[in-house]
Amino acid sequence: MADLTLLQAVNSALHEEMTRDDNVVVLGEDVGLNGGVFRATEGLYQKFGAERVMDTPLSESGIIGAAIGMAVYGLKPVPEIQFADFIYPAFDQIVSELAKMRYRSGGDYTSPVVIRTPYGGGIRGGHYHSQSPEAYFCHTPGLQVVIPSNPYDAKGLLKAAIRGEDPVIFMEPKKIYRAFKQDVPEADYVVPIGPANIVREGTDVSIFCYGSMVQVALRAAEKAAESGWNAEIVDLRTLYPLDIETILNSVKKTGRAIVVYEAPKTCGYGAEIAATIAEKAIDYLEAPILRVAGLDTPFPYTLEYVYMPHPARVYRAIQDVMAY
Amino acid sequence: MADLTLLQAVNSALHEEMTRDDNVVVLGEDVGLNGGVFRATEGLYQKFGAERVMDTPLSESGIIGAAIGMAVYGLKPVPEIQFADFIYPAFDQIVSELAKMRYRSGGDYTSPVVIRTPYGGGIRGGHYHSQSPEAYFCHTPGLQVVIPSNPYDAKGLLKAAIRGEDPVIFMEPKKIYRAFKQDVPEADYVVPIGPANIVREGTDVSIFCYGSMVQVALRAAEKAAESGWNAEIVDLRTLYPLDIETILNSVKKTGRAIVVYEAPKTCGYGAEIAATIAEKAIDYLEAPILRVAGLDTPFPYTLEYVYMPHPARVYRAIQDVMAY
Amino acid sequence: MSMIQEVPTMTTKEKPQRAIPEGLTPFDLKQMYEAMIMTREYDERCFKLQRQGRIGFYAGSFGEEACQIGTAFALEQKDWIFSSYRQPGVAMHRGVPLQTMVNNLFGNAEDIVQGKQMPVHYTHKAHHFLSISSVIGTQVIQAVGCAMAAKVKKDDAVAITYFGDGGTSSNDFHSGMNFAAAMKAPCIFALVNNQYAISIPVQKQTGVEVLADKAKAYGMPGFQVDGNDILAVYKATREAILRARRGEGPTLLELKTYRAGPHSSSDDPSRYRSKEETEYWLKRDPIALFREYLTEMELWTEAWETEIRENAQARLSEAIKIAESLPQPAWETLFDDVYSYVPQALADQKEDILAHESGLELTNEGEFPL
Amino acid sequence: MSMIQEVPTMTTKEKPQRAIPEGLTPFDLKQMYEAMIMTREYDERCFKLQRQGRIGFYAGSFGEEACQIGTAFALEQKDWIFSSYRQPGVAMHRGVPLQTMVNNLFGNAEDIVQGKQMPVHYTHKAHHFLSISSVIGTQVIQAVGCAMAAKVKKDDAVAITYFGDGGTSSNDFHSGMNFAAAMKAPCIFALVNNQYAISIPVQKQTGVEVLADKAKAYGMPGFQVDGNDILAVYKATREAILRARRGEGPTLLELKTYRAGPHSSSDDPSRYRSKEETEYWLKRDPIALFREYLTEMELWTEAWETEIRENAQARLSEAIKIAESLPQPAWETLFDDVYSYVPQALADQKEDILAHESGLELTNEGEFPL
Ligand SMILES: Cc1ncc(C[n+]2csc(CCOP(=O)(O)OP(=O)(O)O)c2C)c(N)n1
Ligand SMILES: Cc1ncc(C[n+]2csc(CCOP(=O)(O)OP(=O)(O)O)c2C)c(N)n1
Ligand SMILES: [Mg+2]
Ligand SMILES: [Mg+2]
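For the record, the sequence lines run as chains A, B, C and D.
Note that numbering that gives the first Met the number 0 has the first sequence beginning at 0, numbered continuously upward.
Note that numbering that gives the first Met the number 0 has the second sequence beginning at 0, numbered continuously upward.
Note that numbering that gives the first Met the number 0 has the third sequence beginning at 0, numbered continuously upward.
Note that numbering that gives the first Met the number 0 has the fourth sequence beginning at 0, numbered continuously upward.
In structure tokens, the structure reads:
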């Protein structure tokens with residue numbers, strides 16, 4: 000077992016997958032010699048050379064478009080977008096091309112590109128280095144959206160993504176890139192794309208979350224335990240496809256649901272969770288479905304700690320549904 | 000009063016606003032001499048000249064970026080994106096720039112651009128001429144999203160948008176561009192951005208919809224009336240900001256809610272409506288909140304009539320909630 | 000000043016008996032002519048189908064046959080094609096079966112993509128012909144990525160991408176040209192300058208006079224070629240491909256031609272250009288020009304022309320008859336090919352629709368307006 | 000071949016006593032030098048603040064002072080500036096108050112945007128200095144739109160936009176150059192080629208050798224200018240502006256310089272470039288070069304240098320002292336300036352937070368890693 004941060008786990012997955020399969024290539028801005036601005040691609044350039052670890056010009060549209068062409072040819076590209084905030088220049092390639100390649104060719108052509116990108120707030124990055132754009136991609140048929148919350152999952156999910164046949168938007172919670180270490184097996188393993196993970200079992204309220212919000216929810220749950228409320232925490236891990244069964248089972252058990260996410264509340268991913276529950280499990284509900292989310296504003300710089308969901312805010316939501 | 004189609008109403012609003020205010024300019028692909036591929040800008044070039052009705056190079060990013068610069072300078076640009084499906088090359092300018100200009104300058108700079116774009120299916124356009132990307136924009140703080148469902152509203156809302164101080168994504172349901180005519184006043188009027196419109200009062204179930212889906216919902220409601228069910232149809236008109244009060248009042252009255260939209264179901268705009276109701280009016284509900292929406296697939300060509308919500312499908316949803 | 004490809008153009012006044020370009024035989028020349036005729040016949044028939052309401056949409060390539068067939072003949076089967084909607088001749092010459100193409104126009108049950116794409120959006124994996132996107136310019140950088148992949152794999156294949164004068168304004172023309180030149184990707188950029196992007200003339204599209212000069216921004220060779228002269232097109236493409244195969248990187252070819260027909264079945268060019276202009280260009284019809292050359296070379300006869308035209312028409316009639324007789328795709332197909340599997344949310348939607356709506360008489364409403 | 004601006008460069012061996020460029024007085028020259036010194040001092044102090052943990056982030060312009068002050072002096076107040084994060088000297092010379100800039104670095108309650116932007120993202124409406132975006136290249140086309148608007152309104156203003164060598168790969172460099180040339184917009188493109196985009200050297204960024212040649216793709220004049228020679232920069236900018244004012248359209252100026260410092264406070268250049276390379280360029284320090292010129296012109300003395308440096312330092316200390324003493328913005332401000340009004344959903348969020356969390360001790364966690 001190795002004690003790794005989430006960032007190291009990502010790096011380790013890349014090293015292993017590039018070793019396993021010659022077709023895996025990495026491309027992006029500063030991913031080569033510099034090892035990525037977060038160092039997620041550290042050492043790859045030295046080990047696999049410039050042909051498989053490509054420093055590209057400054058164009059996200061170019062990075063993703065080129066990756067699609069590579070994937071069509073038969074490579075397995077894992078492009079990095081330096082910050083999720085800079086994925087928008089590539090939005091057309093992602094939404095119009097990557098997502099639709101299989102569909103529009105009747106399954107003949109596929110472009111199973113795995114786009115890695117750090118997302119989210121909590122690093123004092125202001126609105127151009129803190130956004131959480133997952134909902135855009137979950138609303139785009141043809142894409143899978145994966146967000147790990149810990150080193151073990153990060154490595155296993157990234158490996159599963161690279162070995163998969165479909166495109167993946169792999170979003171890495173940069174706030175917790177180096178926040179804690181976890182024992183990660185030396186032996187090869189994958190965490191399958193799809194299933195959610197109940198990280199804390201509980202009976203009173205279900206909290207659905209992902210990425211860096213899992214830690215926030217866990218801290219709120221500890222506080223709630225002091226009040227005698229037993230919160231269940233479901234780490235979604237894969238946002239599309241969604242593990243609907245686990246979600247519904249949890250709500251049926253607890254009767255109360257809260258969704259926590261950093262993105263602006265309106266039309267955020269939490270709306271989908273709430274809507275799914277309201278459609279399929281409404282009779283089990285003993286309280287409103289609450290969303291603890293980012294504000295309907297761009298992401299601020301100085302006051303980001305007010306903007307972002309924090310344990311106290313999640314705890315308030317628990318109080319509210321328990322008191323309902 | 001003039002008898003106008005939705006398309007003519009849009010055209011008439013543009014003529015009147017350009018006459019009223021010299022700062023209003025139109026730009027886009029084929030909007031000049033050709034009058035727009037749908038003819039929405041017909042006659043403007045002849046009346047206001049090439050300086051105010053600008054045929055641009057083929058670059059949506061350029062069109063929106065230039066419009067932002069013009070708005071910063073003090074003009075009131077009304078760019079056209081030929082199909083909403085082609086708005087993605089401009090996504091970065093819209094999400095990173097247009098939406099955040101006021102915020103990131105502390106209100107000093109504003110870019111109140113009104114982006115007009117035809118959206119939606121029903122014209123046999125396949126997945127690159129049929130998409131409904133409204134949810135992306137509703138999830139982007141700083142933008143307003145407006146979708147008219149009839150000629151009267153189209154003209155009044157577009158005028159309000161052009162006179163407003165904030166950016167607007169003005170999405171025109173191209174399926175019903177020429178589907179029917181309506182009496183539209185000759186005198187100047189606006190339909191304010193914000194309030195929803197109850198187009199059919201009812202007591203048994205609330206149907207929330209917008210754009211071309213209003214006609215679909217109305218036909219389903221007629222059918223339901225034959226079964227003795229009285230459906231209330233709420234035409235949202237403005238998706239952001241949302242008229243939460245009207246929605247909640249309707250649900251409180253009927254106890255049942257259905258949302259109809261063409262976009263892929265998952266993370267679509269209907270999820271937000273469902274989540275809002277599940278958060279604020281759950282006690283009033285007598286049935287699950289249902290979403291009648293497009294499929295979680297790209298938009299198909301031949302079978303688009305199966306893909307799109309149709310009256311029979313909405314009627315089924317009414318049956319389901321009434322029978323619950 | 001742009002480097003003008005030094006190819007004897009067939010538009011010059013004196014038409015000397017010329018050598019057959021390297022790489023071609025007299026047999027090839029006749030095949031090229033036949034492919035141009037087939038492309039033209041396809042075009043005419045499809046427009047007719049659209050006007051008769053038998054297919055929903057069509058975008059033709061009338062006047063651009065030399066650009067298509069001239070480039071296509073320079074390619075080998077191992078090469079990759081990233082085209083726009085205006086190169087049916089490339090697909091046909093490449094070997095995409097006519098029936099496959101016509102099935103796409105009808106979006107029927109035998110269509111490779113089962114009606115998931117609009118007409119004129121072909122795809123064919125066996126021939127390295129990439130599924131066409133409507134979105135202008137996106138294929139350009141994809142072709143570059145494909146070429147980069149071939150380089151990584153040390154394969155000898157090159158990629159060619161076709162796009163229009165309007166396409167040069169797109170984001171991914173820029174990213175594609177830049178990536179290709181910076182990375183020496185074996186990619187050919189076939190810029191079909193037909194002088195219009197729907198209603199926008201090329202003079203409004205860009206400030207540069209010779210589009211081939213756009214290569215200069217990227218440190219890439221760029222050539223302007225008479226796009227109505229099939230042999231000039233062939234020769235320029237062949238040289239660019241050889242250069243790419245030698246590892247010398249990409250080339251931009253501006254094939255200067257004219258969109259002699261409307262943008263598509265929804266377009267009315269009389270709104271934005273004069274009859275005189277169109278007539279001027281019709282006199283430079285690439286098929287007529289090549290016919291003159293073949294006549295000079297004693298490779299053309301009236302009887303042969305009739306034969307190949309009738310043959311083309313017969314093949315078309317047959318393919319159309321079959322395509323039209325085929326049913327629509329089954330509703331089940333709607334849910335395929337989004338992913339390699341069917342996600343739960345989509346499976347639920349499938350079950351719901353198939354269980355409750357299969358009997359319903361649903362139909363299309365509305366027509367494609369562009 | 001690119002057109003190299005014919006300006007006597009201060010890097011040439013023989014340094015003849017040269018005429019003062021048209022448009023400038025000896026007084027101006029001294030002011031220019033002072034502005035360069037101020038920019039350099041600002042830079043050094045801000046890096047120190049960041050290292051001390053007093054501000055969260057900084058991106059400097061060390062070595063690029065001539066590009067900034069040379070262009071800024073050629074502008075008039077009516078003109079518009081669309082810059083990147085690496086032109087603090089332009090903002091300062093323009094008249095953006097130092098306090099305003101330092102307040103941005105601290106994101107305090109007096110910051111114009113009340114802590115809504117990261118450090119080095121200034122904005123100032125009175126001086127037509129547009130709010131800076133982090134997103135590379137987006138400002139380029141906006142500047143063009145602004146210039147087009149000035150043209151529509153028949154105003155005499157021009158727009159200038161600053162971006163880097165990396166920025167030339169962005170989508171909106173392409174759309175901006177294309178729109179400007181096609182529409183003859185009075186816009187100046189100041190390409191600050193500091194030879195790096197974070198770790199990517201310009202040779203990997205593009206296949207072209209002289210970035211000024213990128214103008215050729217658009218039909219626009221392009222000049223390469225020694226970006227460490229402030230007078231060359233001034234002269235080239237002035238000519239481009241005069242051309243734009245005469246209605247002759249846009250110009251691309253490649254200001255060739257070197258990013259002598261790290262990309263930002265999060266960057267470690269030793270990972271990707273040699274000390275020797277940096278030292279080579281440090282010998283071409285634009286301030287030292289200009290100092291030599293001023294000395295020759297008998298406009299520089301040691302005493303004056305000390306005076307302006309001390310003055311700069313004092314102004315900085317004062318501004319920093321004030322900025323640091325100011326509180327954070329009030330939580331209420333979080334909800335302002337998203338729209339001209341507060342939408343219901345946001346009003347609900349505001350009410351919820353202010354009502355229930357005002358007492359809480361919340362703090363920032365994490366640090367900016369780039
Ligand atoms: C990104 C994008 N914007 C707009 C359109 C609508 N559109 C379809 S074809 C076309 C003109 C294309 O012109 P050009 O690139 O010259 O190709 P041509 O049609 O002349 O072959 C436009 C604007 C589109 N398909 N994609
Ligand atoms: C669209 C986008 N992609 C990536 C980044 C991350 N990033 C910030 S600065 C930078 C390099 C910019 O280089 P250049 O344009 O040469 O400007 P310089 O920093 O050298 O002044 C990158 C890649 C960004 N800000 N925006
Ligand atoms: Mg064209
Ligand atoms: Mg640079």
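Heads up, the beta-carbon is just placed ideally off N, CA and C, and yes, glycines get one too.
Remember, it's a predicted structure, so these values are computed and weren't measured experimentally.
- For residue 186/D, the three-state secondary structure derived from DSSP is strand.
- Per the DSSP secondary-structure output, residue 208/A pairs in a beta bridge with 234/A.
- By the rule of a C-beta closer than 7 Å to any heavy atom of ligand 3, the residues picked out are 163/C, 164/C, 165/C, 191/C, 192/C, 193/C, 194/C, 195/C, 196/C and 258/C.
- Residue burial annotation: residue 26/D is exposed, with fewer than 16 other C-beta atoms found within 10 angstroms of its C-beta.
- In this structure residue 136/B is buried. Its beta-carbon is surrounded by 16 or more other beta-carbon atoms within 10 angstroms.
- Ligand 2 has a heavy atom closer than 7 Å to the beta-carbon of residue 135/D.
- Pairwise C-beta distances place the stretch 105 to 118 of chain A in contact with the stretch 168 to 179 of chain A, as three or more of them are shorter than 8 Å.
- Among the residues of the stretch 292 to 310 of chain A, those with a Cβ less than 8 Å away from any Cβ of chain D are 294, 295, 296, 297, 299, 300, 301, 302, 303, 304, 305, 306 and 309, in the order of the chain.
- A distance criterion of 7 Å places the beta-carbon of residue 262/C in contact range of ligand 1, judged by its closest non-hydrogen atom.
- Ranked by Cα distance from residue 151/A, the first of 18/A, 179/A, 29/A and 306/A is 179/A.
- A distance criterion of 7 Å places the beta-carbon of residue 83/D in contact range of ligand 2, judged by its closest non-hydrogen atom.
- Distance from the C-beta of residue 150/B to the nearest heavy atom of ligand 1 is not below 7 Å.
- Residue 279/A carries a helical assignment under DSSP once its states are collapsed to helix, strand and coil.
- With the rule of 3 Cβ pairs closer than 8 Å, the stretch 114 to 124 of chain D counts as touching the stretch 55 to 74 of chain D.
- Under the three-state reduction of DSSP, residue 219/D is assigned to coil, being neither helix nor strand.
- Counting of Cβ neighbours within 10 angstroms places residue 0/B among the exposed residues, the total staying below 16.
- Around residue 349/C, no beta-carbon contact reaches into chain A at under 8 Å, the shortest distance being about 13 Å.
- Of the residues 155/C, 171/C, 157/C and 149/C, the one whose Cα lies closest to the Cα of residue 136/C is 171/C.
- With a cutoff of 7 Å, residue 59/A counts as near ligand 2, since its C-beta is closer than that to a heavy atom of the ligand.
- Around the CB of residue 82/D, 16 or more other CB atoms lie within 10 Å, so the residue is classed as buried.
- Residues of the stretch 143 to 165 of chain D with a C-beta less than 7 Å from any C-beta of chain B: 143, 144, 145, 147, 148, 149 and 151, listed in chain order.
- Here residue 49/B is exposed: its Cβ has fewer than 16 other Cβ atoms, across all protein chains shown, within 10 Å.
- According to the DSSP assignment, residue 35/D belongs to the alpha helix (DSSP H) that extends over 25 to 50.
- Relative to the Cα of residue 216/B, the nearest Cα in the group 160/B, 148/B and 191/B belongs to 148/B.
- DSSP, read as helix, strand or coil, puts residue 163/D in strand.
- For residue 72/C, the secondary structure class from DSSP, reduced to helix, strand or coil, is coil.
- When DSSP states are grouped into helix, strand and coil, residue 84/C belongs to the coil group.
- One finds 355 in chain C with Cβ atoms closer than 7 Å to the Cβ of residue 315/B, taken in chain order.
- Taken in chain order, the members of the stretch 46 to 60 of chain B whose beta-carbon sits within less than 7 Å of a beta-carbon on chain C are 54, 56, 57, 58 and 60.
- At least one heavy atom of ligand 1 falls within 7 Å of the beta-carbon of residue 28/B.
- In this structure, residue 292/B sits near residue 263/B, with a CB-CB distance shorter than 8 Å.
- By the Cβ-count criterion, residue 141/C is buried, with 16 or more other Cβ atoms from all chains shown falling within 10 Å of its own Cβ.
- What residue 168/C touches in chain D, judged by beta-carbon distance under 9 Å, is 173, 174, 177, 178 and 181, going in chain order.
- In the structure shown, the three-state DSSP call for residue 77/D is coil.
- The C-beta distance from residue 99/B to residue 141/B rounds to 6 Å, short enough to fall under 8 Å.
- In the structure shown, the three-state DSSP call for residue 115/C is coil.
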